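So the sequences go chain by chain: R and X.
Using the working numbering, the final residue of the first sequence is 638, and nothing's skipped along the way.
Using the working numbering, the final residue of the second sequence is 638, and nothing's skipped along the way.
No residue lacks a Cβ here, since even glycine has one placed at the ideal position from N, Cα and C.
Please read all numbers here as calculations on a predicted model, not as lab measurements.
There are 2 protein chains.
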Amino acid sequence: MAGRAAYLAVDWGTTNRRAYAVAADGAVVDSLQDDRGVLAMTRDDYPASITALRERLGAYPVIASGMVGSSRGWREAPYIAAPATLEHLADASLEAAPGVWIVPGVALRHGKRPDVMRGEETQVLGAIRAGAAPPTALFCQPGTHNKWIDTAEGAITAFTTVMTGEIFALLRSHGVLAEMLDGAVTDGAAFRRGLRRGIAAQNVLATLFEVRAGVLLDRLAPGDAAAYASGILIGADVATREDLAQRPVHLLGGGALGDLYAVAIREAGGTPVAVPEGSTTAGLHAIWSLRT
Amino acid sequence: MAGRAAYLAVDWGTTNRRAYAVAADGAVVDSLQDDRGVLAMTRDDYPASITALRERLGAYPVIASGMVGSSRGWREAPYIAAPATLEHLADASLEAAPGVWIVPGVALRHGKRPDVMRGEETQVLGAIRAGAAPPTALFCQPGTHNKWIDTAEGAITAFTTVMTGEIFALLRSHGVLAEMLDGAVTDGAAFRRGLRRGIAAQNVLATLFEVRAGVLLDRLAPGDAAAYASGILIGADVATREDLAQRPVHLLGGGALGDLYAVAIREAGGTPVAVPEGSTTAGLHAIWSLRT
Numbered sequence: 347m348a349g350r351a352a353y354l355a356v357d358w359g360t361t362n363r364r365a366y367a368v369a370a371d372g373a374v375v376d377s378l379q380d381d382r383g384v385l386a387m388t389r390d391d392y393p394a395s396i397t398a399l400r401e402r403l404g405a406y407p408v409i410a411s412g413m414v415g416s417s418r419g420w421r422e423a424p425y426i427a428a429p430a431t432l433e434h435l436a437d438a439s440l441e442a443a444p445g446v447w448i449v450p451g452v453a454l455r456h457g458k459r460p461d462v463m464r465g466e467e468t469q470v471l472g473a474i475r476a477g478a479a480p481p482t483a484l485f486c487q488p489g490t491h492n493k494w495i496d497t498a499e500g501a502i503t504a505f506t507t508v509m510t511g512e513i514f515a516l517l518r519s520h521g522v523l524a525e526m527l528d529g530a531v532t533d534g535a536a537f538r539r540g541l542r543r544g545i546a547a548q549n550v551l552a553t554l555f556e557v558r559a560g561v562l563l564d565r566l567a568p569g570d571a572a573a574y575a576s577g578i579l580i581g582a583d584v585a586t587r588e589d590l591a592q593r594p595v596h597l598l599g600g601g602a603l604g605d606l607y608a609v610a611i612r613e614a615g616g617t618p619v620a621v622p623e624g625s626t627t628a629g630l631h632a633i634w635s636l637r638t
Numbered sequence: 347m348a349g350r351a352a353y354l355a356v357d358w359g360t361t362n363r364r365a366y367a368v369a370a371d372g373a374v375v376d377s378l379q380d381d382r383g384v385l386a387m388t389r390d391d392y393p394a395s396i397t398a399l400r401e402r403l404g405a406y407p408v409i410a411s412g413m414v415g416s417s418r419g420w421r422e423a424p425y426i427a428a429p430a431t432l433e434h435l436a437d438a439s440l441e442a443a444p445g446v447w448i449v450p451g452v453a454l455r456h457g458k459r460p461d462v463m464r465g466e467e468t469q470v471l472g473a474i475r476a477g478a479a480p481p482t483a484l485f486c487q488p489g490t491h492n493k494w495i496d497t498a499e500g501a502i503t504a505f506t507t508v509m510t511g512e513i514f515a516l517l518r519s520h521g522v523l524a525e526m527l528d529g530a531v532t533d534g535a536a537f538r539r540g541l542r543r544g545i546a547a548q549n550v551l552a553t554l555f556e557v558r559a560g561v562l563l564d565r566l567a568p569g570d571a572a573a574y575a576s577g578i579l580i581g582a583d584v585a586t587r588e589d590l591a592q593r594p595v596h597l598l599g600g601g602a603l604g605d606l607y608a609v610a611i612r613e614a615g616g617t618p619v620a621v622p623e624g625s626t627t628a629g630l631h632a633i634w635s636l637r638t
């Protein structure tokens, strides 16, 4: 199989790494996924890690996106400023070692508020290139940090990072709510009640204390507290977009968290559209093709 | 000195405990402060702890407020519903042992949103009883959880708990911002810039990510990041009150955090008024006097 490949595409994140052997026409012919994310590596580990990838998937050129290009990664591929297209990403890719390129991240550098992304740009523009979303669209990428991303004519023009997932994880493992948040987080009455409170929240850090007060006052079942808290946080997250009702929201990254965001977007008056898998490899393929 | 005392008043919190020997006219004749807060105690420790307090300050009746009356404390003194006056608190005090009374907390039990307090009620109503604030007022009590408390004619009528301090502590010790938040938090240009961003924030969890992006893009000096983040959180906190400009804000609890809230309240268009020390003992004295 790997004999048909032309290059290796790597989605190299903080915790995980996905690598693909890709044919010249963009077809994925082999792949692997492991836990060799940036946090598991020292700077000196990367050359041997590339060698091992090539032994496993074939001795091809490599193009990688994600946290591998951050100051914590292998070599820093400086952020390019929005508006950013696939062409800009290809032009600014950094050759970290012979035959190994790292795609830069995108920054809001000079506007009212600063923001950064690294990895998401490849996925969003890949979705557009693959025809899975229109060139002018709104994207939502749930995760540890959710990102709302606006594109116009195939360029990333604006985005906002919301620390929703990280704060939920911190609250669940530390602090005064932790002992109450060991229940399951699933879509249901408690999650939807939390959503409505979060969407209406003036300050999500005030609304969150209702979890504790609700349990203490027997207004919230302890087993519902985690779903309710998640609802508050995700509700407040979707409420940061005041234009949800004006256009579809292209939801990247599926799984249980994506499903919860879909419910939240609907609750806030929006229309979620799930983007199929494959956007990151489509983006990496476009960047690789533009470079060669 | 202790010979003049009539009873012992205890402000018994989560982490610390302050105990006072008080004369019949309310004058404090002796006191101690230690780290025998609720978290340092098991339920069985309380009787011996009271005996030790009496050996130290005199063998008098005891009245205590704060977390000692919570489900994690000695015995649960059930919350009374707002509107709550000193008379209601006195009536509902629980005799936990012979000659030892625990003041209940106050709850918003039946309204749109639940909330609870335990200890703050005694301080707020004590401030009013002592003449340090008018009977109808707005109070702000910064701490791990900041509380905004409305009173009307000497009764607590409404309040909101905001998890500002806890979230700042979690971010400082865990998570992706932690490594950036080791600087000092003082009033200065970075804190005030954070305040303005926090006051304008649609969702404080989006605005907080500007700390990381600002440092990565060289728009925020790493040494300023903690003050900027604190400004965002406290700014969003004061912005939860839309009526700040309509009446003074009586600020309870001084120190550095109180000073930062005073700056924030002014930045949001309000007028902070510092309430002098002594409100909790004034409240406990009023409750003790009403009981006897």
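Cutoff 6 Å; reference residue i; Cβ partners in own chain excluding five residues on either side
i        : result
X:Phe537 : Ala573 and Gly577
R:Ala438 : Ile426 and Pro450
R:Gly314 : Residue coverage of chain R in this structure runs from 347 to 638, which leaves residue 314 of chain R outside it and unanswerable.
R:Trp447 : Ile409, Ser439 and Glu441
R:Arg363 : Asp380, Arg382 and Gly383
Below-8 Å beta-carbon distance, residue i vs any chain R residue
i        : result
X:Gly560 : yes
X:Val356 : no
X:Met347 : Confidence is the limiting factor: at X:Met347 the pLDDT is only 47, short of 50, which leaves the residue's position unreliable and the question unanswerable from this model.
X:Pro568 : no
X:Thr482 : no
7 Å Cβ shell around residue i - same chain, five flanking residues per side excluded
i        : result
R:Thr482 : Thr497, Ala498 and Glu499
R:Gly615 : Leu590 and Ala591
X:Leu597 : Cys486, Gly604, Tyr607, Ala608, Pro618, Val619, Ala620 and Val621
X:Ile580 : Thr510, Leu541, Gly544, Leu606, Tyr607 and Ala610
R:Leu636 : Leu432, Glu433 and Ala436
R:Gly489 : Gly511 and Gly599
X:Gly534 : Ala573
X:Arg464 : Gly412, Met413, Gly415, Ser416 and Gly451
X:Arg612 : Pro618
Residue-chain proximity (residue i, chain X), Cβ-Cβ < 8 Å
i        : result
R:Gly521 : yes
R:Ile495 : no
R:Arg565 : yes
R:His434 : no
R:Pro429 : no
R:Ala614 : no
R:Arg382 : no
R:Arg455 : yes
R:His631 : no
R:Ile586 : First, the amino acid is wrong: residue 586 of chain R is Thr here, not Ile. Yes, its Cβ sits closer than 8 Å to a Cβ of chain X.
Residue i burial status per 10 Å Cβ neighbour count (16 or more: buried)
i        : result
R:Asp570 : buried
R:Gly599 : buried
X:Glu466 : buried
R:Ser411 : buried
R:Leu385 : exposed
R:Arg565 : exposed
R:Gln469 : buried
X:Ser625 : buried
X:Thr627 : buried
R:Gly457 : exposed
Interface partners of residue i on chain X, CB under 7 Å
i        : result
R:Leu541 : By Cβ distance, chain X contributes nothing, its closest Cβ being about 14 Å from R:Leu541, past 7 Å.
9 Å Cβ cut-off: residues of chain R touching residue i
i        : result
X:Asp583 : Asn549, Leu551 and Ala552
Chain-ordered chain X contacts of residue i [CB-CB under 9 Å]
i        : result
R:Glu556 : Arg459, Pro460, Asp461 and Thr507
Same chain, Cβ closer than 8 Å to residue i, five either side skipped, listed in chain order
i        : result
R:Pro460 : Ala453 and Leu454
X:Thr503 : Ala428, Pro429, Asp496 and Thr497
X:Glu623 : Gly600
R:Ile513 : Leu579
R:Leu354 : Ala365, Tyr366, Ala367, Val368, Leu399, Arg400, Leu403, Gly404, Tyr406, Pro407, Val408 and Ile409
Closer than 7 Å at the beta carbon, the chain R residues around residue i
i        : result
X:His491 : Phe555
Sequence ranges, beta strand (DSSP E) only - wholly within the region 459-522 of chain R, length at least 3 = 461-463, 483-487, 492-498 and 501-508
key: Near-chain A residues of the region 501-528 of chain R - C-beta to any C-beta below 7 Å   = No chain A appears in the structure shown, which is made up of the protein chains R and X.
inquiry  = Give the list of continuous alpha helix (DSSP H) stretches no shorter than 4 residues that lie fully inside the region 387-460 of chain X.
reply    = 392-403 and 432-437
query = Taking the runs of the beta strand (DSSP E) that are 3 residues or longer, which of them lie wholly in the region 534-598 of chain X?
reply = 595-597
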